[in-house]
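Position 33 of the sequence shown, counting from 1, maps to 242 under my numbering, and the rest follow consecutively.
Some notes on the structure that comes next.
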Amino acid sequence: MQLISSLLKRRELLWQFLLRDIKSRHRGSILGSFWLIANPLLMLALYVFAFGVVFGGRFTTDSDESTLDFALGVFLGLSVLGLISGVIGASPGVIVSQPNFVKKVVFPLEILPAAMCGALASDLLIGLTLCLLGVQFLGPGLTVSVLYLPVIIGPVFLMALGLAWFFSALGVFIRDLSQMGSFLGLALLYGSGVFYSAEKARAAAPGIWAFLEWNPLLQVIDAMRQVTLWGGEVDWMKIGYAWVFGIIVFLAGAWFFQRLRSAFADAV
210 MQLISSLLKR RELLWQFLLR DIKSRHRGSI LGSFWLIANP LLMLALYVFA
260 FGVVFGGRFT TDSDESTLDF ALGVFLGLSV LGLISGVIGA SPGVIVSQPN
310 FVKKVVFPLE ILPAAMCGAL ASDLLIGLTL CLLGVQFLGP GLTVSVLYLP
360 VIIGPVFLMA LGLAWFFSAL GVFIRDLSQM GSFLGLALLY GSGVFYSAEK
410 ARAAAPGIWA FLEWNPLLQV IDAMRQVTLW GGEVDWMKIG YAWVFGIIVF
460 LAGAWFFQRL RSAFADAV
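So, in structure tokens, the structure goes:
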């Protein structure tokens with residue numbers, strides 16, 4: 210794969226742009242990069258209060274599930290969803306916002322969406338770390354099942370990078386694409402099991418579940434909650450499906466980006 214070999218060959222440049230993207234979000238603020246930790250920490254505290262204390266929701270009918278478990282589960286789902294919705298929202302402007310790189314410089318343009326995706330992925334990793342700490346010290350405690358997390362979450366990173374390449378290339382030619390990001394993010398929010406479990410969706414709305422079960426994000430988020438909060442078993446068939454889906458999105462996004470990149474200079 211040409212794009213992957215390009216990223217590996219220019220990994221130092223990719224790292225520089227990734228750090229630049231992270232720092233640019235907090236440039237000029239008093240706390241600076243501390244917001245990388247403070248922001249998800251405040252969000253975690255908010256969800257613990259709102260969903261754990263006020264609403265007292267549940268993912269299962271198990272009497273052992275606490276309201277704190279629900280709050281941590283929602284935060285976990287939102288952390289995963291934040292990567293995908295963030296990529297969809299930010300990607301369309303990544304190439305068009307850098308006309309100098311497109312027109313005047315021989316530059317590996319695939320680095321721009323990859324760096325943006327990496328910066329958003331760092332938010333997910335920080336949020337996941339905070340969630341694990343919350344489960345360990347505030348919740349039921351972690352079990353050995355948490356070691357499955359890298360395998361479970363892997364497809365999400367493949368999907369994110371594939372979508373970043375796809376939407377960044379398409380955004381060069383369709384400038385209205387960025388306006389659709391909020392709608393797509395909202396659709397994913399309600400269709401990816403952030404506020405409900407696969408078990409509840411299957412029981413409450415079998416007809417809708419027939420469509421929702423094909424959403425790989427729902428399967429990934431549900432499996433992450435199983436191993437993180439309850440030390441449960443993983444349905445590896447569903448995670449295998451998520452991997453296949455992630456690889457297809459990744460390859461399709463890379464192909465689409467390569468297909469259109471020769472026309473970027475004329476459209477920017």
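All C-beta atoms in this analysis are idealised placements derived from N, C-alpha and C, irrespective of residue type, glycine included.
- Bounds of the alpha helix (DSSP H) holding Pro308 are 308 to 312.
- Counting C-beta atoms within 10 angstroms of its own C-beta, Glu221 has fewer than 16 neighbours from the protein chains shown and is therefore classed as exposed.
- Between Val353 and Leu341, the C-beta spacing is not below 8 Å.
- If you check the CB distance, Met433 and Ile362 come in under 8 Å.
- In the structure shown, Phe268 falls within a coil segment according to DSSP collapsed to helix, strand and coil.
- When the five nearest sequence neighbours on each side are left out, the beta carbons in the same chain lying within less than 7 Å of the beta carbon of Gly402 are those of Gly286, Ala410, Leu427, Ile430, Asp431, in order along the chain.
- For the 8 Å CB-CB criterion, Phe226 and Ala373 do not form a contact.
- Minimum Cα-Cα distance from Ala407 among the listed residues Lys218, Gly282, Leu351, Ala461 corresponds to Gly282.
- Per DSSP, the continuous alpha helix (DSSP H) segment holding Gln211 begins and ends at 211 to 218.
- In this structure, the beta-carbon distance from Val311 to Phe473 falls below 8 Å.
- In the three-state scheme derived from DSSP, where H, G and I count as helix and E and B as strand, Tyr405 is classed as coil.
- For Tyr450, the enclosing alpha helix (DSSP H) has its first and last residue at 445 to 469.
- Residues of the same chain with a CB within less than 8 Å of the CB of Leu379, apart from the 5 flanking positions on each side, are Pro301, Leu386, Phe465, Leu469 in chain order.
- In the structure shown, the three-state DSSP call for Leu351 is coil.
- It is roughly 37 Å from the alpha-carbon of Ala476 to the alpha-carbon of Leu421.
- In the three-state reduction of the DSSP assignment, Gly440 falls in the coil class.
- Taking the CA atoms as reference points, Pro322 sits about 28 Å from Tyr357.
- Ranked by Cα distance from Phe366, the first of Gly295, Leu398, Ala413 is Gly295.
- With a beta-carbon spacing of about 7 Å, Gly462 and Leu370 fall inside the 8 Å limit used to define contacts.
- If you draw a straight line from the Cα of Leu228 to the Cα of Ser331, it comes to about 10 Å.
- Residue state for Asn248 is assigned as helix, using DSSP reduced to three classes.
- Residue state for Leu426 is assigned as helix, using DSSP reduced to three classes.
- In its chain, beyond the 5 residues on either side, Leu372, Phe376, Gly390, Leu393, Gly394 have a beta carbon closer than 7 Å to the beta carbon of Ile297.
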